[in-house]
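Here's the structure we're looking at; comments come further down.
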Amino acid sequence: MGVIMPRGQRGWSDKERFENLYMHNHDNDCWEWIGGKNNIGYGMFRQGEKMRTAHRVSYELFNNKKIPKYMCVCHTCDNRICVRPDHLFMGTAFDNMQDMSRKGRSPYQQITHCPHGHEYTKENTWYQSGWRYCRECK
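Written out as structure tokens, the structure reads:
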């Protein structure tokens with residue numbers, strides 16, 4: 008059995024349906040998704056029988072490129088609901104983490120003190136295998 012489309016959308020291409028599910032936010036220049044979202048805030052779009060994140064669909068539709076399964080589509084604007092193609096770039100999970108870290112958006116970067124209350128300063132911090140440790144607590 009095929010996917011049942013809402014009345015008025017039967018026969019529409021994926022791109023036509025997609026273009027009716029975002030609005031241009033002139034404050035941040037993002038195309039913000041107004042369709043359904045998943046539990047972590049990313050837009051969701053049905054393609055055939057499959058639900059996909061809207062930003063990945065946007066990247067494929069507007070760049071006419073297929074995204075390999077192991078690749079991520081990252082936001083230059085850091086707006087999860089943005090589907091504007093020139094705000095998106097393809098990269099690895101590592102690229103995505105590096106981008107997040109460069110922009111200071113890693114949750115661990117927001118932590119300024121160790122669990123015992125000592126401040127993470129240049130003098131009081133050491134790193135091992137990508138983790139940060141407090142010298143006073145060592």
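If you want this note's numbering, it's the 1-based position in the sequence shown plus 7.
Just so it is clear, CB atoms sit at the ideal spot from N, CA and C, and this is done for glycine as well.
Quick caveat: nothing in here was measured; it's all calculated off a predicted structure.
Residues near residue i in its chain [Cβ-Cβ closer than 8 Å; skip 5 each side]
i     : result
THR99 : TYR77, MET78 and CYS79
LYS73 : GLU67
HIS82 : HIS62, CYS89, HIS94 and LEU95
ILE47 : ARG87
Beta-bridge pairing of residue i - partner residues as DSSP gives them
i      : result
THR132 : CYS141
CYS89  : GLU39
GLU126 : HIS120
Other residues of its chain near residue i: CB distance less than 6 Å, five sequence neighbours each side excluded
i      : result
ASN32  : GLU39
MET30  : GLU39 and ILE41
HIS120 : GLU126
ARG91  : CYS37 and TRP38
Residue closest to residue i, alpha-carbon to alpha-carbon, out of the options
i      : options                           : result
ASN86  : LEU28, ARG109, LYS22 and TYR49    : TYR49
SER113 : CYS121, THR119, MET104 and HIS120 : MET104
VAL64  : CYS84, GLU23, SER136 and TRP138   : GLU23
PHE69  : CYS84, ASN45, PHE25 and GLN54     : PHE25
Whole-angstrom distance between residue j and residue i, CA atom to CA atom
i      : j      : result
ASP21  : LEU28  : 11 Å
HIS123 : CYS144 : 8 Å
Chain C within 7 Å of residue i, Cβ atoms only
i     : result
VAL64 : Given the protein chain composition of this structure (a single chain), no chain C is represented.
Per-residue burial, residue i [other beta carbons within 10 Å of its own, 16 or more giving buried]
i      : result
PHE101 : exposed
THR60  : buried
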